[in-house]
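Accompanying notes for the structure given below.
Residue numbers (mature numbering (1 follows the signal peptide of the UniProt record, and there is no 0)): -26 to -1, 1 to 141.
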């Protein structure tokens, strides 16, 4: 086992041991499933979509180590960055603070660029280029809010637009 994974395992175990007793007291003993925080009826679609993005991120970060620290780092970081993108897209759909919307847009662009940089550092091919959204589609938010089940796959495709260098 490499030092990185040994250290990570120790950190995760220590963190769990420190948090487990606190969370045990904080949880209602009758519910053990993961549920988004309760909110107002207007906020519920946002909370559900954000929760789905977080659950997907955590599941996707649980990768089997390959023994290549470079690849393992990237394979865990890309879902982390994609989770930030998915959460920012959810905020753009439902949030109304213009300053936070600009921050969410910056998060989308920054995280897309970092994902591309990590893939390029490993020599992996980049996904097809699509324009990054500047605003979430209002019609998509309206149609998605009628459903109780939200997944981050409902979010618009988020890919970085790559510019070709001038010759």
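The beta carbon of each residue, even a glycine, is placed where N, CA and C say it ideally should be.
- Nearest Cα to residue 95 within the set 32, 25, 44, 83: 44.
- Taking C-beta atoms as the reference points, residue 74 and residue 68 fail to come closer than 8 Å.
- Per DSSP, the unbroken alpha helix (DSSP H) holding residue 75 starts and ends at 72 to 96.
- Taking the CA atoms as reference points, residue 50 sits about 21 Å from residue 102.
- The beta carbon of residue 24 sits closer than 6 Å to those of 61, 64, all from its chain and outside the five residues before and after it, given in chain order.
- Rounded to whole angstroms, residue 16 and residue 78 show a C-alpha spacing of 20 Å.
- Around the beta carbon of residue 58, a 10 Å sphere encloses 16 or more other beta carbons of the protein chains shown; the residue is thus reported as buried.
- A direct Cα-to-Cα measurement between residue 98 and residue 91 gives close to 10 Å.
- Sorting 70, 39, 35, 26 by C-alpha distance to the C-alpha of residue 52 places 35 at the top.
- Taken atom to atom, the span from the alpha-carbon of residue 88 to that of residue 14 is near 35 Å.
- Considering only 76, 80, 55, 21, the residue with the shortest C-alpha distance to residue 32 is 55.
- In the three-state DSSP reduction, residue 34 falls in the helix class (H, G or I).
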